[in-house]
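Numbering (our numbering), first residue to last: 135 to 409. Glycine included, every Cβ here is placed at the ideal spot set by N, Cα and C.
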Amino acid sequence: MSHADFDQILEVPGVGPIHFDSRSREELLFLVDEIFTKGEYARNGVTYAPGSVIVDVGANIGLFILDAHRRTGGDCDILAIEPIPENLRHLHANLDAHGIGRIEVVPVGLTRLGGPSSATFSWFPGLPANSTQFPEEKARELSDYVEARLGQLRRENPLGHALTADWVRSQLAVKQRPESLEVPLATLARLREEREIERIDLLKIDVEGAELEVLQGIDELTWAAVSQIVLETDVARADEIAEELRLRGFLRVFVETPEFARELLLSNRQVIGLR
């Protein structure tokens with residue numbers, strides 16, 4: 135079977151059709167809840183003014199873009215950066231389905247200034263938003279998540295836990311079978327300079343372990359252009375990233391624990407910086 139054989143469309147109330155890989159349905163439902171229902175990228179004073187210039191690093195299949203487009207009333211210019219071909223295919227399908235035209239999609243990953251020109255990524259068909267340059271770290275993170283969820287189930291249903299645990303672990307093993315891909319890399323500084331982008335009203339970064347590399351690919355002119363930043367990371371890197379944002383002149387910096395991470399005692403963090 136080809137990857138296209140797994141194509142599916144989910145109709146989300148208040149959002150519209152979402153094109154995705156049917157093997158990733160659970161992940162999609164989780165992201166729909168986080169982005170559209172809970173407003174993951176609109177906390178602590180993050181604004182989406184009409185006329186905004188938005189850069190989405192780690193665009194995946196475009197859910198954040200759809201949310202940003204809705205919040206700005208369709209009046210925004212977007213630079214979307216996504217290295218994984220199958221994610222890109224669904225991203226373009228979603229952009230077309232929602233009539234989003236003021237956007238450029240760049241099929242690269244990001245790296246530090248002076249970094250390599252390419253890298254090997256692991257793409258998980260069942261967990262495409264978790265595609266990463268660091269599969270060992272991702273495997274540990276996913277295992278922690280599953281064990282935390284199983285702990286919840288054990289407390290809620292002790293008798294059914296054993297069977298459920300075996301099934302969940304078997305499903306995770308299937309979803310964690312990655313495909314290795316060699317993808318080109320660039321720096322955010324270069325992409326901004328090539329396009330002569332003078333301001334970035336919102337920079338969103340979700341790159342599954344490569345956050346520091348992305349930030350190290352931002353030069354002084356690019357930092358000065360950024361008004362707001364929302365970044366997904368983990369507890370091991372969150373304080374370092376928050377301090378970097380303060381040094382770069384962001385006056386209000388927040389380190390948040392997402393609701394699901396609080397409930398399950400996980401290490402996921404969100405760092406927000408506002409000028």
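In terms of alpha-carbon separation, which member of Phe394, Asn402, Leu355 and Leu400 lies closest to Gly383?
Ranking the options by Cα distance to Gly383, first place goes to Leu355.
In terms of alpha-carbon separation, which member of Ala231, Ile331 and Leu398 lies closest to Arg289?
Answer by Cα proximity: Leu398.
For Arg409, count neighbouring Cβ atoms within 10 angstroms of its own Cβ and tell me buried if that reaches 16, exposed if not.
Classification of Arg409: exposed, given that the 10 Å Cβ count is below 16.
Please report how far the alpha carbon of Leu165 lies from the alpha carbon of Arg157, in whole angstroms.
Cα to Cα, Leu165 sits roughly 14 Å from Arg157.
For Glu174, collect the residues of the same chain with a Cβ closer than 8 Å to its Cβ; drop the 5 residues on either side in sequence, then sort them by chain order.
Around Glu174: Glu168, Pro392 and Gln404.
Drop a sphere of 10 angstroms on the beta-carbon of Gly235, count the other beta-carbons inside from all chains shown, and report buried for 16 or more, exposed for fewer.
The residue in question, Gly235, is exposed, as its Cβ has fewer than 16 Cβ neighbours within 10 Å.
In angstroms with no decimal places, state the Cα-to-Cα distance between Ala307 and Ser277.
Unreliable positioning characterises Ala307 in this predicted model, as indicated by a pLDDT of 47, which lies under 50. The coordinate reading is nonetheless provided below. In a straight line, the C-alpha of Ala307 is about 10 Å away from that of Ser277.
Should the stretch 223-237 be called in touch with the stretch 336-356, which here means at least 3 C-beta pairs below 8 Å?
No: fewer than three Cβ pairs fall under 8 Å.
Here's a check: name, in chain order, each residue in its chain whose Cβ is nearer than 6 Å to the Cβ of Trp301, leaving out the five neighbours to either side.
Note that Trp301 scores 48 on pLDDT, short of 50, meaning its location in the model is unreliable; the coordinates nonetheless yield the value given after this. Closer than 6 Å at Cβ, skipping near neighbours: no residue.
Is it true that the CB of Val387 sits closer than 7 Å to the CB of Leu442?
No information on residue 442 is available, as it lies outside the stretch 135 to 409 that the chain covers here.
With a Cβ-Cβ cutoff of 7 Å, do Phe154 and His226 count as a contact?
Going by C-beta atoms, Phe154 is not nearer than 7 Å to His226.
How about Asn264 and Phe258: are their beta carbons less than 7 Å apart?
Cβ distance < 7 Å, so Asn264 and Phe258 count as in contact.
Looking only at its chain, what residues have a beta carbon closer than 7 Å to the beta carbon of Leu200, apart from the 5 residues adjacent to it on each side?
These residues qualify, in order along the chain: Val149, Asn228 and His232.
Taking the alpha-carbon positions, what's the Asp141 to Pro147 distance?
Using only the alpha carbons, I get a separation of about 20 Å.
Since Ile406 and Asn178 should fall inside the 8 Å C-beta cutoff, what is the C-beta to C-beta distance between them, to a whole number of angstroms?
Between Asn178 and Ile406 the Cβ distance is about 5 Å, and since that is below 8 Å, they are a contact.
With distance defined between alpha-carbon atoms, name the residue in Ile143, Thr206, Thr245 and Gly185 nearest to Glu216.
When each option's Cα is compared against that of Glu216, the closest is Thr245.
Helix, strand or coil: which one does DSSP assign to His224?
Here His224 sits in helix by DSSP.
My output table needs one value for Thr367: the three-state DSSP class, helix, strand or coil.
Looking at Thr367 - three-state DSSP - the assignment turns out to be strand.
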